[in-house]
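Participant:
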Amino acid sequence: MIEKDRMTEHVMDLIRINSLSKKEKDVAVKLQKEMEDLGAECFYDDAGEKVNGNVGNLIVKLEGNKSDAPPFFLSAHMDTVGPGEGIKPRIEDGIMKSDGTTILGSDDKSGVAVIVETIRALKDNGIPYGDIEIAFTICEEIGLLGAKHIDISKFKAKHGIVLDSSTPDRLVLRCPSADKMEFTVHGLEAHAGLCPENGMSAIKIASEAISKMKLGRIDDITTANIGVINGGRATNIIPKHVRIVGEARSHNEESLKAQVDHMRNCFHDAVSNYEVTIHDDLSIEGTTYIAKLDEHIERSYDRMDVDVKSLPVTLVDTAVKNLGYTIKHHTSGGGCDANYFNRMGIECVNLGTGMYELHTVNEYLIMEEFFRSADIVLESIRLNTIIPS
Ligand SMILES: [Zn+2]
3 MIEKDRMTEH
13 VMDLIRINSL
23 SKKEKDVAVK
33 LQKEMEDLGA
43 ECFYDDAGEK
53 VNGNVGNLIV
63 KLEGNKSDAP
73 PFFLSAHMDT
83 VGPGEGIKPR
93 IEDGIMKSDG
103 TTILGSDDKS
113 GVAVIVETIR
123 ALKDNGIPYG
133 DIEIAFTICE
143 EIGLLGAKHI
153 DISKFKAKHG
163 IVLDSSTPDR
173 LVLRCPSADK
183 MEFTVHGLEA
193 HAGLCPENGM
203 SAIKIASEAI
213 SKMKLGRIDD
223 ITTANIGVIN
233 GGRATNIIPK
243 HVRIVGEARS
253 HNEESLKAQV
263 DHMRNCFHDA
273 VSNYEVTIHD
283 DLSIEGTTYI
293 AKLDEHIERS
303 YDRMDVDVKS
313 LPVTLVDTAV
323 KNLGYTIKHH
333 TSGGGCDANY
343 FNRMGIECVN
353 LGTGMYELHT
363 VNEYLIMEEF
373 FRSADIVLES
383 IRLNTIIPS
C-alpha cells in the first residue's frame with residue numbers, strides 16, 4: 003500500500019530544500035500545500051516568533067473517515083543540522099547518501115516523508131482512520147525548541163508516534179532528562195613574562211576543575227560532557243576569564259542532580275584554591291585577589307518514559323507483529339521532541355525511519371527500513387480504529 007517510488011521521490015525533494023534550524027519556511031510551505039491537497043487543514047503556531055525563526059510549527063489536522071476512533075498524533079521535525087545546504091541525495095544499492103560534502107538530512111526529512119506517505123496511502127486505499135493531528139516542528143536540532151514552544155492546546159490527540167530515530171528495529175520509549183551548565187572562571191590578568199606572580203590563570207583553574215571531573219559515561223543511565231571552552235587573549239597574557247559549557251543527562255533525576263553537583267563542586271573546589279596578594283609601593287599588606295566563579299545551570303528537557311502497556315506501544319507492537327517484523331523497546335541516550343509531547347500530555351513513542359550516522363557527512367538512509375517505517379505507521383493508524391483505548 004505504501005508507494006515506494008512516490009515516497010523515494012518525495013523524500014529526495016524534501017532533502018533538496020534547505021531547512022537549517024530557524025529557516026524551515028520553504029519546506030513548511032511545500033508540506034502545507036501537500037497536506038491541503040490531501041484535504042487537511044493547516045496552520046502555524048507562534049513558535050517561530052518565540053525562537054526568532056522564519057516560520058512556526060506547521061500543525062495539520064485531517065478529519066478521519068471513522069469518527070468513533072480516537073484522534074492520532076504524528077510528528078517529525080523539519081529542520082536539519084549543517085552542513086546542510088545544497089544537499090545532493092543519491093541512491094546506491096538501496097542506500098541513500100549525500101555527495102559527501104553535506105549531511106543527508108534524512109534526519110528528519112525521512113520522518114516527514116513517512117508521515118506524508120502514510121496519509122496518502124490511507125486515502126488511496128480506503129483504510130479506516132480516526133482524526134489525525136500532525137506537528138511538523140521547527141528547531142528540534144537546537145534544543146527541541148519547536149516542541150518546547152508548541153501550542154499544545156491545538157491538539158486533541160492523547161497518543162501517537164514521533165518519527166525521529168534511527169532504525170525501525172527499535173521503538174524508543176525512554177529518553178533522558180538533560181541539564182546544560184555554563185561556568186565562567188574569573189582569575190587575574192598579568193603579563194606572563196614580566197610579572198606572572200601577579201596573575202591567576204583562569205584557564206589553569208578551569209583545567210584543574212575539569213581534570214578532576216567524571217565525564218563520559220557515568221553509569222548505565224547517566225552521561226556527562228564538557229563541550230565548549232572559550233578564553234584567553236594572547237600567549238603573553240595570563241588569562242583572566244574562561245567560559246566552559248557542558249551538559250549532563252540521566253534517566254534518573256537523582257543521578258542527574260548528583261552529576262551536576264559533582265561538576266559544580268569541581269569548579270568550586272578549584273576556584274577556592276586560588277588567591278594572590280599583590281604588593282605595590284604604597285601598601286605594606288598588599289591587596290589580595292581571589293578567583294571567582296559564575297555558574298548557570300539550566301534544564302534543557304525532561305525525561306520521557308512511556309509505559310510498555312500504554313496504547314501507542316501496544317499499537318506499534320501489534321502493527322509490527324501483523325506485518326511479520328520484529329521490534330525491540332529501546333532506551334535512548336538522546337532527547338527528542340517526544341520528550342516535550344509526553345510531558346504535555348500526548349503519550350508518544352519514537353519510531354526509527356532507517357537513518358544512520360546522523361549529524362555527519364556520512365549520514366545514510368536504508369530504503370528498506372524507511373519503507374518499513376511507513377508500513378508500521380499505516381498499520382498502527384488502522385489498528386487505532388480497532389484497539390480500544
Ligand atoms: Zn532528528
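First residue of the sequence shown? That's 3 in this note's numbering, and the numbers climb one at a time after it.
Using N, Cα and C, we set each Cβ at its ideal position, and we do this for glycine too.
Do you know whose CA, among D110, E143, F138, lies nearest N154's CA?
Facilitator: The residue asked about is misnamed: residue 154 is Ile in this sequence, not Asn. For the residues D110, E143, F138, the minimum Cα distance to I154 belongs to F138.
Participant: Taking 7 Å as the cut-off, does the CB of E371 come closer than this to any heavy atom belonging to ligand 1?
Facilitator: Incorrect: E371 has no Cβ contact closer than 7 Å to ligand 1.
Participant: If I follow the unbroken alpha helix (DSSP H) through D263, where does it start and stop?
Facilitator: Segment 255 to 274, the alpha helix (DSSP H) holding D263.
Participant: Which residue comes first and which comes last in the alpha helix (DSSP H) that contains T320?
Facilitator: Per DSSP, T320 belongs to the alpha helix (DSSP H) from 313 to 325.
Participant: Can you pull every residue whose C-beta falls closer than 5 Å to some heavy atom of ligand 1, listed in chain order?
Facilitator: Working through the chain, the matches are D109, D110, D166.
Participant: Can you list, in chain order, the residues of its chain whose CB lies under 6 Å from that of D109, leaving out five sequence neighbours each side?
Facilitator: Closer than 6 Å at the Cβ level, and outside the excluded window around D109, lie M357, L360.
Participant: Please report the Cβ distance between T225 and G234, rounded to the nearest whole angstrom; I am assuming they are in contact, meaning their Cβ atoms lie under 8 Å.
Facilitator: That belief does not hold up - the Cβ atoms of T225 and G234 are roughly 28 Å apart, past 8 Å.
Participant: Considering just the uninterrupted stretch of the alpha helix (DSSP H) at E381, what are its terminal residues?
Facilitator: 369 to 385 is the span of the alpha helix (DSSP H), which, as asked, contains E381.
Participant: For S69, name the three-state secondary structure that DSSP assigns.
Facilitator: Coil, per DSSP.
Participant: CA-CA distance, G162 and P72?
Facilitator: Roughly 10 Å between the two C-alpha positions.
Participant: Put I1 into one of helix, strand or coil per three-state DSSP.
Facilitator: Outside the modelled stretch of the chain, which goes from 3 to 391, sits residue 1, for which no answer is possible.
Participant: Considering F343, what are the terminal residues of the beta strand (DSSP E) in which it resides?
Facilitator: Element bounds for F343: not the beta strand (DSSP E) but the alpha helix (DSSP H), 339 to 345.
Participant: Could you pull the start and end residues of the alpha helix (DSSP H) that M98 belongs to?
Facilitator: Element bounds for M98: not the alpha helix (DSSP H) but the beta strand (DSSP E), 97 to 99.
Participant: For N267, I'd like the list of residues in its chain whose CB is within less than 8 Å of its CB, leaving aside the five on either flank, ordered along the chain.
Facilitator: For N267, where only same-chain residues beyond five positions count, there are no Cβ hits under 8 Å.
Participant: Thinking just about the alpha-carbon of each residue, which of H243, V247, D222 is nearest to the one in L258?
Facilitator: Measuring from the Cα of L258, the nearest candidate turns out to be D222.
Participant: For D319, which of V379, T362, A340 has the nearest alpha-carbon?
Facilitator: Here the closest residue by C-alpha is V379.
Participant: What does DSSP give as the partner residues of V247 in its beta bridges?
Facilitator: DSSP lists E184, V230 as partners of V247.
Participant: When DSSP labels each residue in this structure, what does I4 get in the three-state scheme?
Facilitator: In this structure, I4 counts as coil in the three-state DSSP scheme.
Participant: Roughly how many angstroms separate the alpha carbons of V363 and P198, rounded to a whole number?
Facilitator: Their backbone Cα atoms lie some 45 Å apart in a straight line.
Participant: Excluding the 5 residues flanking A293 on each side, which residues of the same chain have their C-beta closer than 6 Å to its C-beta?
Facilitator: So the qualifying residues of the chain are G189, M202, I207, V273, Y276.
Participant: From R122 to H12, what does the alpha carbon distance come to, in whole angstroms?
Facilitator: Using only the alpha carbons, I get a separation of about 12 Å.
Participant: With a threshold of 8 Å, are at least 3 pairs of Cβ atoms found where one atom belongs to the region 25 to 38 and the other to the region 48 to 62?
Facilitator: Because the criterion of three Cβ pairs below 8 Å is met, the region 25 to 38 and the region 48 to 62 touch.
Participant: By the 10 Å Cβ neighbour count, where 16 or more other Cβ atoms means buried, how is T328 classified, buried or exposed?
Facilitator: Exposed, because fewer than 16 other Cβ atoms sit within 10 Å of the Cβ of T328.
Participant: What distance in whole Å lies between the Cβ atoms of I280 and T289, which are believed to be in contact at a cut-off of 8 Å?
Facilitator: Confirmed, about 5 Å.
Participant: If you pair each beta-carbon of the region 46 to 54 with each one of the region 114 to 134, do three or more pairs fall below 8 Å?
Facilitator: With a cut-off of 8 Å, the region 114 to 134 and the region 46 to 54 do not count as touching, because too few Cβ pairs lie within range.
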